[in-house]
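All remarks here apply to the structure that follows.
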Amino acid sequence: MLNVCFMSIGFPNFRYDIAQKILGKSLEWMRQNESINLIECCKVLIQEEDIKQEFIEMKKANPDVFILQLGTYSYGSALMMYLQEIKDVHLVLWSLREPMIPDYPGLPLNSLCALNMYTSFLYRMEITDFSVVYGGLEEKKIHKKLSSILKACAIKKKLHQAKFCVVGGRVPGFYLSNVDELKFRQKIGPEIINLSIASLIQRAESIEVSRVQEDIKKTKTLVGCISASEESMEKTSRVYLALKDYAKENQITAYALKCWPDFQEVYNLAICGVVSKLNNEGLLASCEGDVTGLATMLIQQELTDMPVFLTDLVNISEEGTVKLWHCGAAAPALARDKNKVCMGEHPTMKQGLGVGVNMDLMPGKLTVCKLSEGDPYRLLICEGECIEPDRQLTGNQGDIKLIGSTDKLLETIVEKGIEHHYCIAYNCDTDSLKIFGKICGFEILEV
């Protein structure tokens, strides 16, 4: 749960009585958010010593976010006190519009001036980990902005609490599926541990037959047909259950899986069906050992109520539609037609090898995203709509009509060296995604 401190500050010569009423309404609204732990100061503080002592007290709550409402103009020293006491916490400066007060000729709050002053201080000190909100709760956009900031901070916290398990390493030639682990841990957050494919298969083979049979029955309810062999379906369930068990035993948040060639060589199995089933229920798994792809999936999973999908960009039509495709690991919940979802032969490995999940992606608005390693990290974001595909393909495909320019997308990918996997999320809260990128100090590449 996100620890959120909320405090309002003012100045003796301005109408802090009005600021007090605004503070009361603000706290009432904040208390409705059940996803946060609110640490609040119920009084507008106008004396420097009181402000300093409250910062010291609130620091004890280990805040993740600190909302500093500028109830009126306040001391320049107040921000310096905050920076002295509160470290590595996202600061939200909330400034208020001037109210209209009949028969009162004075300037009531002067809150915007305080915001201007504080942000100039932060700029000079090269501090960028802050957000600005300007307006009152009577404005719906303020509700949206604050909610998006809190969502973004919650994602950042989740990433820093996450544990990724890389199974088998990266696939041959995919040099950028790996990351600089120290930099990744520092800048993105997840701990990375490793599990060998041999150990996973040993675990899979020890799964009780009754559990495997029960899982196969459950799998049949997810798809329209199964043409894969009984052996492939049994092995798929074994690996799937072994990964679920290992995650529970070792607090694994998500997996990056080396899906070829080792599994085919030592276990005669394509594990796209495993990846599909894991992602269908929210235990994230990326293909081909892609760690930044997996981080992208986790980020977007927090901003949608549907499974996400890691995919390749394989075509841009003359009409400006991009085709996203991968070889059979999409979650059945994303299917255009559930009755046409088929678990069968892998579409690229062929030779009767299973299991690949064949289906087209459902229509609807979505966001395409990729977190890319760099200095700083980059976050590619583009929005569009999945439409009717222009052809039949085995595997998983989605034709996306982008809001932005496909020429700019390709130009950005090529010039910025973006790795070749992209994550799509339907009904994604893209505003929170962009704020998340800013909070983390990423370069936002919006197409």
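First residue of the sequence shown: 316, per this note's numbering; consecutive thereafter. Using N, Cα and C, we set each Cβ at its ideal position, and we do this for glycine too. The model shown is predicted, which means the values in this text are computed figures rather than measured ones.
I need the DSSP call for residue i, collapsed to helix, strand or coil.
| i | result |
| --- | --- |
| N318 | strand |
| I371 | helix |
| N742 | coil |
| Y449 | strand |
| D675 | strand |
| A543 | coil |
| L686 | strand |
| E441 | coil |
| K680 | strand |
| V670 | strand |
| L491 | helix |
| A650 | strand |
| L748 | helix |
| N377 | coil |
| L465 | helix |
| Q312 | Any answer about residue 312 is impossible in this case: the structure gives the chain only from 316 up to 762. |
| Y555 | helix |
| R706 | coil |
| K460 | helix |
Rounded C-beta distance between residue i and residue j? I'm assuming under 8 Å.
| i | j | result |
| --- | --- | --- |
| P420 | V404 | So it is not a contact: roughly 39 Å between Cβ atoms. |
| S547 | L584 | 6 Å |
| Y582 | I516 | 6 Å |
| P662 | V538 | Not really, about 15 Å apart at Cβ, beyond 8 Å. |
| D744 | K460 | About 12 Å separates the two Cβ atoms, so there is no contact after all. |
| G766 | I512 | In the structure as shown, the chain starts at 316 and stops at 762, and residue 766 therefore has no counterpart that could be examined. |
| K478 | Q566 | 6 Å |
Looking at residue j and residue i, is the spacing between their C-beta atoms short of 8 Å?
| i | j | result |
| --- | --- | --- |
| T387 | F326 | yes |
| I739 | V683 | yes |
| M432 | E369 | no |
| T619 | Y737 | no |
| V359 | L338 | yes |
| I442 | A393 | no |
| I715 | T636 | yes |
| S463 | I750 | yes |
| L593 | Q712 | no |
| K685 | T611 | yes |
| V447 | T434 | yes |
| G756 | V672 | no |
| G450 | R500 | no |
| C574 | V494 | no |
| W409 | L385 | yes |
| L572 | G608 | no |
| D293 | R651 | Residue coverage of the chain in this structure runs from 316 to 762, which leaves residue 293 outside it and unanswerable. |
| R553 | V527 | yes |
| M316 | I351 | yes |
| C700 | K723 | It should be noted that the sequence gives Glu, not Cys, for residue 700. For E700 and K723, no; Cβs fall outside 8 Å. |
| I728 | I614 | no |
Which residue or residues does DSSP assign as beta-bridge partners of residue i?
| i | result |
| --- | --- |
| H736 | D627 |
| S601 | A571 |
| G713 | L639 |
| L478 | Note on residue identity: the sequence assigns Lys, not Leu, to residue 478. Looking at the DSSP assignment, K478 forms a beta bridge with E506. |
| I354 | C320 |
| L360 | I324 |
May I ask whether a heavy atom of the ligand PLP can be found less than 7 Å away from the beta carbon of residue i?
| i | result |
| --- | --- |
| P622 | For the ligand PLP, the structure offers nothing, since it holds no ligand at all. |
Along the beta strand (DSSP E) that carries residue i, what are the first and last residues, could you check?
| i | result |
| --- | --- |
| T636 | T636 to H641 |
| H405 | H405 to S410 |
| R693 | R693 to I702 |
| G659 | C657 to E660 |
| Q384 | V380 to L385 |
| E758 | E758 to E761 |
Residue i lies in the alpha helix (DSSP H); which residues open and close that run?
| i | result |
| --- | --- |
| N425 | Note, N425: premise wrong, no alpha helix (DSSP H); not H, not E. |
| V581 | D577 to Y582 |
| I728 | T721 to K731 |
| E400 | G391 to E400 |
| C587 | C587 to N595 |
| M345 | Y331 to M345 |
| F612 | In the sequence as presented, Phe is not what sits at residue 612; that position holds Met. First-last of the alpha helix (DSSP H) with M612: V606 to Q616. |
| V524 | V524 to K535 |
| R485 | Counting along the chain, R485 falls outside any alpha helix (DSSP H), and DSSP gives it neither H nor E. |
| E520 | I512 to E520 |
Is there a Cβ from chain B that is less than 8 Å from the Cβ of residue i?
| i | result |
| --- | --- |
| T611 | Any reference to chain B falls outside this structure, which holds one protein chain only. |
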